[in-house]
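Engineer:
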Amino acid sequence: AVVGDGAVHVPGWLDPGRQRELVEACREWARGPVPMRHTALPGGGVMSVRTVCLGWHWQPYRYTRDAGDVNGARVTPFPVWLAELGRAAVDEAYGEGAGARYAPDTALVNFYEGAARMGMHQDKDEKSRAPVVSLSIGDTCVFRFGNTRTRTRPYTDVELASGDLFVFGGPSRLAFHAVPKVYPGTADPACGMRAGRLNITLRETGLAG
Ligand code: MD3
Ligand code: FE
11 AVVGDGAVHV PGWLDPGRQR ELVEACREWA RGPVPMRHTA LPGGGVMSVR
61 TVCLGWHWQP YRYTRDAGDV NGARVTPFPV WLAELGRAAV DEAYGEGAGA
111 RYAPDTALVN FYEGAARMGM HQDKDEKSRA PVVSLSIGDT CVFRFGNTRT
161 RTRPYTDVEL ASGDLFVFGG PSRLAFHAVP KVYPGTADPA CGMRAGRLNI
211 TLRETGLAG
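Residue numbering for the sequence shown follows UniProt numbering, beginning at 11 and increasing consecutively.
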């Protein structure tokens with residue numbers, strides 16, 4: 011379904027076997043070399059979500075190769091197979107061939123458990139305006155898709171369930187968005203997760219090397 015200009019939601023895009031493979035990969039990435047952690051914010055707070063990055067390490071508000079805010083280790087390389095999955099996702103959302111030149115070089119893996127949420131924000135730390143590909147696994151959440159001008163209304167609330175794909179390109183790339191609620195216990199165990207929600211976003215940083 012088209013939710014906004016360039017914002018396309020494809021429910022159930024990942025089959026349960028593919029979801030389990032991704033969960034297993036995320037477990038591996040979460041162990042290290044840079045462990046999954048609550049990102050520290052410049053104001054002194056920490057995010058309630060835990061995150062591990064691939065390719066480039068994100069910390070507010072820049073990308074680096076080393077996780078200077080965690081343990082100084084170099085991030086796990088971005089796997090070739092994940093970029094291929096990203097191109098297939100863009101093809102699915104925008105039509106065959108649309109993903110041919112999509113070259114994501116970073117992934118942010120977010121893990122929501124308990125009361126973890128994400129407040130309204132824009133993703134502006136990438137120099138590339140290529141789409142963001144979002145893959146959801148585990149518990150269902152409310153995803154709030156806003157506008158490009160304000161963090162308030164108008165916005166649209168959409169439920170994201172396990173296996174759902176969302177692609178944000180064009181004007182929606184700079185839209186405010188949030189995850190105000192996760193519904194505990196809604197994950198089908200066939201997805202490979204007992205509890206919580208995983209979201210994998212693929213992005214182009216626009217950085218060289
Ligand atoms: C729209 N993650 O990592 S995914 C994030 O479910 C983030 O963990 C949420 O927002 C999550 O920055 C939402 C959907 C998403 C991700 C990135 C976007 C929507 C986006 C970037 C631009 C516009
Ligand atoms: Fe975001």
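The C-beta atom is built at its ideal place from N, Cα and C for all residues, glycine as well. Being a predicted model, the structure only gives us computed values, none of them experimental.
Applying the 10 Å Cβ sphere with the 16-neighbour rule, what's the burial state of histidine 48?
Structural biologist: Mapped onto the sequence shown, residue 48 falls at position 38. Classification of histidine 48: exposed, given that the 10 Å Cβ count is below 16.
Engineer: Between methionine 128 and histidine 187, what straight-line distance do the alpha-carbon atoms span, to the nearest angstrom?
Structural biologist: Numbered from 1 along the sequence shown, position 118 holds the residue referred to as residue 128. Numbered from 1 along the sequence shown, position 177 holds the residue referred to as residue 187. Distance between the alpha carbons of methionine 128 and histidine 187: 9 Å.
Engineer: Sort Val189, Leu208 and Arg72 by Cα distance to proline 52 and report the nearest one.
Structural biologist: Within the sequence shown, residue 52 is the residue found at index 42, counting from 1. Nearest of Val189, Leu208 and Arg72 to proline 52, Cα basis: Arg72.
Engineer: Can you tell which of Ser182, Met57, Leu24 and Gly219 has the C-alpha that lies nearest to the C-alpha of asparagine 157?
Structural biologist: Position 147 of the sequence shown, counted from the first residue, corresponds to residue 157. Cα-wise, what sits closest to asparagine 157 is Ser182.
Engineer: The alpha helix (DSSP H) spanning alanine 110 covers which residue range?
Structural biologist: For the purposes of this step, residue 110 is identified with residue 100 of the sequence shown, where counting begins at 1. No alpha helix (DSSP H) holds alanine 110; DSSP gives it neither H nor E.
Engineer: Mapping DSSP to helix, strand and coil, what is leucine 217?
Structural biologist: Position 207 of the sequence shown holds residue 217. DSSP places leucine 217 in coil when its eight states are reduced to three.
Engineer: Who are the near neighbours of glycine 179 in its chain, counting only those whose CB is closer than 6 Å to its CB and skipping five residues on each side?
Structural biologist: For the purposes of this step, residue 179 is taken as residue 169 along the sequence shown, with counting starting at 1. Hits under 6 Å: Gly16 and Pro141.
Engineer: Just to confirm, is the Cβ distance from alanine 126 to leucine 92 under 8 Å?
Structural biologist: Position 116 of the sequence shown holds residue 126. Position 82 of the sequence shown holds residue 92. Cβ atoms of alanine 126 and leucine 92: not closer than 8 Å.
Engineer: Taking 7 Å as the limit between beta carbons, can you name the residues of its chain near threonine 196, skipping five residues before and five after?
Structural biologist: In the sequence shown, counting from the first residue as 1, residue 196 sits at position 186. Excluding positions up to five away in sequence, the list reads Asp149 and Thr150.
Engineer: Looking at tryptophan 68 and aspartate 167, is the spacing between their C-beta atoms short of 8 Å?
Structural biologist: Taking the first residue of the sequence shown as position 1, residue 167 is located at position 157. Taking the first residue of the sequence shown as position 1, residue 68 is located at position 58. Cβ atoms of aspartate 167 and tryptophan 68: not closer than 8 Å.
Engineer: Please determine whether the Cβ atom of aspartate 133 lies at a distance below 7 Å from any heavy atom of ligand 2.
Structural biologist: Residue mapping note: residue 133 aligns to position 123 of the sequence shown, counting from 1. With a cut-off of 7 Å, the C-beta of aspartate 133 is classified as near ligand 2, since at least one heavy atom of the ligand falls inside that distance.
Engineer: Here's the rule I'm using: 16 or more other beta-carbon atoms within 10 Å means buried, otherwise exposed. How should proline 164 be labelled?
Structural biologist: For the purposes of this step, residue 164 is taken as the residue at position 154 of the sequence shown. By the 10 Å Cβ count, proline 164 comes out exposed.
Engineer: Can you tell me which of Tyr112, Phe176 and Met203 puts its alpha carbon nearest to the alpha carbon of serine 138?
Structural biologist: To locate residue 138, count along the sequence shown from 1; it is residue 128. The shortest C-alpha separation from serine 138 is found at Tyr112.
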